[in-house]
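J.:
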Amino acid sequence: MRFDVITLFPELFAPFLTSGINRRAFETGAVELKLWQLRDYADGTYRRVDDRPFGGGPGMVMMAEPLERCLKAIRQDRASIDAAEKSVPVVLFSPIGQTLNHSAVEAWSNSDGAILICGRYEGLDQRFIDAHVDVQISLGDFVLSGGEIAAIALLDAVARLQPGVLNDEGSHQM
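Numbering (the numbering used here), first residue to last: 15 to 188.
#1: Identify, in the order they occur along the chain, each residue of the same chain with its Cβ nearer than 8 Å to the Cβ of H146, setting aside the five sequence neighbours on each side.
#2: Can you check which of these residues, E41, A164, V19 and F142, is closest to S108 by C-alpha distance?
#3: Helix, strand or coil: how does DSSP classify G101 here?
#4: Tell me the DSSP secondary structure of E41 in three-state form.
#5: Do G127 and G161 have their beta-carbon atoms positioned less than 9 Å apart in this structure?
#6: Can you give, in chain order, each stretch of the alpha helix (DSSP H) that sits fully within the segment 111-148 and has at least 4 residues?
#7: With DSSP as the reference, label R174 as helix, strand or coil.
#8: Helix, strand or coil, according to DSSP, for P67 in the structure here?
#9: Let me check understanding here. Comparing Cα to Cα, which of G34, A78 and R37 lies closest to Y55?
#10: Please state whether DSSP places V19 in a helix, a strand or coil.
#11: Could you say which of F68, R16 and T42 lies nearest to L49 if we only look at CA atoms?
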């Protein structure tokens, strides 16, 4: 299973990928992870990814255009690796999403993966959400902004359910 993560802070994932149970899941290929820096798909000298909400409103939102370009690149990359690649859901981590629980993690661990968007600011440009986001997931009220923590929590939970990552007693394998 493959997870593609759209983030402004891919460096936050480094410790998660190189230690503990998660390292084993990624090294064995039980879970594949590809990080996508959203700024690589933004225009201009400053690679700006935020703007005022389309149609007005307070705060800043992630712009639809860089998100759409990044999503297109991810889908092309997935198709170039496996022409029969099934379409996977686009997931936004948001405080208004469905709360992540064990049964949801079990479903994700048996899936083909997903494209995960780590939101920022006041959220995403509504034009992108309406057209592309299939699922919104929340870790609960204590994570109100920044999807990296939620993405790491989901990936950690999925990795722990993969065969061979934990031994029979549920402890770490060395």
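For glycine and all other residues, C-beta sits at the position ideal for the given N, C-alpha and C.
Since the model is a prediction, treat every value here as computed from it, not as a measurement.
T.: Reading from the atomic positions:
#1: L81, E82, L85 and V104
#2: When only C-alpha atoms are compared, the closest one is A164.
#3: The question names Gly, but residue 101 is Ser in the sequence shown. Coil.
#4: helix
#5: no
#6: 116-123 and 140-146
#7: helix
#8: coil
#9: Relative to Y55, the option among G34, A78 and R37 whose CA is nearest is A78.
#10: strand
#11: R16
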